[in-house]
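In what follows, a structure is listed as structure tokens, so that the remarks can point back to it.
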Amino acid sequence: MSYGLGILKGMSVTLKQFVESYTKKGSIVTVQYPEERREDVERFRNFPILVYDEKPEAPRCVACDICAKECPPKCITIVRDRDEQGRGLQKPKVFDIDLSVCMSCGICEEVCPFDAIFMDHQFELSAYDRMESLNYHQEKLLKPNSYLHQIRPTDATQIDAKLKAKEEAKKKTQPGTTA
Amino acid sequence: MERLDQLFVLLKKIILQFAESFLPAPLLPFLSILVSITAIAIFAPLTMMYLTWLERKVIGRMQNRFGPNRVGIYGLLQPIADGIKMLTKEDVIPLGADRVTHFLAPVAVVVPSLLLFSVLPFGRNMTAVNLDIGLLFFIAVSSIGTLAIFMGGWASRNKFSLLGAMRAFAQMISYEVPLVLSVVTVVMIVGSLSTEKIVEAQSGWGGLRWFVFTPWGFVGFMLFFICSVSEVNRTPFDIPEGESEIVAGFHTEYSGMKFALFYMAEFLGAFAYSAMAATLFLGGWQGPLLPSWLWFGLKTFCLVFTMIWLRGTFPRFRVDQLMSYAWKFLFPMGLSNILAAGIWYHTPFPLSFIFATWILLLSFIGLSRLNPTGTRLERRTYRFAE
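Protein chains in written order, with the numbering used here: chain A, 1 to 179; chain B, 180 to 565.
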């Protein structure tokens, strides 16, 4: 028996929220997306990219096909590049990832032994055509190492240090040969 | 000031004087009617459109959202975009539906709620039709909407529609009783059913001698307002269209503009009932300083805002709660309110105030005690199935 006081109490709560939404800053939690954006989080991961060190013609990827084999929905297609004699080169001729199939699990990044494939922060990937424009080719996937530093500085520095150490170790064991 | 107060009346006069120059005299009364009808026919849908905007905006703010803000500045063009969307949608009629009744129901639901506007006193000399039985007309016509809702629910040949329509009927008939009882007090005191006369009876005290400031008026206002929220099927009394229970109730099978017409009826009803509550208890267009039509609009807007506010606050009633609230609380409260108004009318001032207040206070406390709230969770004893 509250004699209808509970009604007034409830209504005062909503009125308070209503007034505060105009007076108190930050009480409306909606992010007005195209104009406003959430702050980029380093750990965020979406669609993969391929990383190259100096020039896009020489990516880190050696076309070992591990990521394509591990990919759960099988969205990666890799064809190894060959020279004039038909011998295999350590770089991919075709490297396609189908965005419409990719489920952004990040397993490709985890299994890559050459640290060539990484998950991107880009999430605005919509296109008008669902067949060709969603099938990402090598040119579209290749991003410089500086880009990786920009989006994931912690990971990128660690990986750079790791690669450098590897290089040093290689030089020590095989003096005279070029990497 | 006087000119501002009579702005719309003067506007009509100018139109009529202009028409006098080329129209024959016998046609002029018809033109006068036509002008009033046009004004209402423009005003009512426009009000409805912007009430939808207001509702979405206010409820959004109450839930810490922005509400519509994409189409036009502050989302002010949103109702127009919605209207275009509704008009271009496919109009689906179920195969098993009664086609004629299914088509007529949305029309029959909007027409009464438009007719309600004819007796509302929008300002001094601004009642479209000054009927002697204006209040009776209002109550009678507003009940027709119930029939149209049942038409829609029945003709759809859908279990949810029919259930919603049945619920609507049960609810509206129940709440019509305390609604009329609360209005009776005003009729008793004023001695007239004309809306103009009711507003005039509340003049004095610098335009603040409203009926809400009397004990019976306050209770009557609360009863009228609660019942009117129920009459227009708005939350917390929206069991006829309870989304979580029966899809969309009586308008489950309606789409496109027909669906919009049901909504239009709801919003027009909400506006008309708020306006009537303002007329009966809040002094209509009476008020100091501001022009009369502005006062009327302000009071109506406040009541409409309260309706939206209620929707933003409360969940839906259960059917049994709804019924017991109407019959066990509002109905006896309305009866004792009539008693209080009678005593108010027949005793001199200080005594009348004391008597009326005590009667109402005692009946309020008594009825609150007789209607236990909350659920009593007792251990069930099965006598035969053990």
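Heads up, the beta-carbon is just placed ideally off N, CA and C, and yes, glycines get one too.
- Proximity of B/N243 to chain A, defined by a Cβ-Cβ separation below 8 Å, is satisfied.
- Per DSSP, the beta bridge partners of A/M119 are A/P48.
- Chain A has a Cβ within less than 8 Å of the Cβ of B/T492.
- Around the C-beta of A/F123, fewer than 16 other C-beta atoms lie within 10 Å, and the residue is accordingly described as exposed.
- The segment 289-309 of chain B makes no contact with the segment 331-349 of chain B; the number of CB pairs closer than 8 Å stays below 3.
- In the three-state scheme derived from DSSP, where H, G and I count as helix and E and B as strand, B/T393 is classed as coil.
- B/I368 carries a helical assignment under DSSP once its states are collapsed to helix, strand and coil.
- Non-local beta-carbon contacts of A/D98 in its own chain, meaning distances under 7 Å to residues more than five positions away in sequence, involve C75, L134, N135 in chain order.
- For a Cβ distance threshold of 9 Å, residue set F18 of chain A lies close to B/V237, ordered along the chain.
- The DSSP assignment places 66-70 as complete runs of the alpha helix (DSSP H) inside the segment 29-75 of chain A, in order along the chain (cut-off: 4 residues).
- The beta carbon of B/F400 lies closer than 6 Å to those of V391, F460 in the same chain, with the five residues before and after it left out.
- Comparing alpha carbon positions, the residue from B/S371, B/T364, B/I221, B/V408 closest to B/T393 is B/T364.
- Pairing B/L549 with B/N516 gives a Cβ-Cβ distance that is not under 8 Å.
- Around B/R562, no beta-carbon contact reaches into chain A at under 8 Å, the shortest distance being about 31 Å.
- Among the residues of the segment 396-430 of chain B, none has a Cβ less than 8 Å away from any Cβ of chain A.
- A/F95 carries a strand assignment under DSSP once its states are collapsed to helix, strand and coil.
- Within the same chain, Cβ atoms closer than 8 Å to the Cβ of A/R82 are found at G88, L89, K93, the five residues on either side in sequence being excluded.
- Proximity of A/S21 to chain B, defined by a Cβ-Cβ separation below 8 Å, is satisfied.
- When only Cα atoms are considered, B/S407 and B/L358 end up about 7 Å apart.
- Bounds of the beta strand (DSSP E) holding A/P144 are 142-144.
- Taking C-beta separations shorter than 7 Å and ignoring five residues to either side along the sequence, the partners of B/A451 in its chain run S292, L295, F296, L299, following chain order.
- At least one CB atom of chain A sits nearer than 8 Å to the CB of B/W488.
- B/R182: member of the alpha helix (DSSP H) spanning 181-184, first to last residue.
- Counting the other Cβ atoms within 10 Å of the Cβ of B/R182 gives fewer than 16, which makes it exposed.
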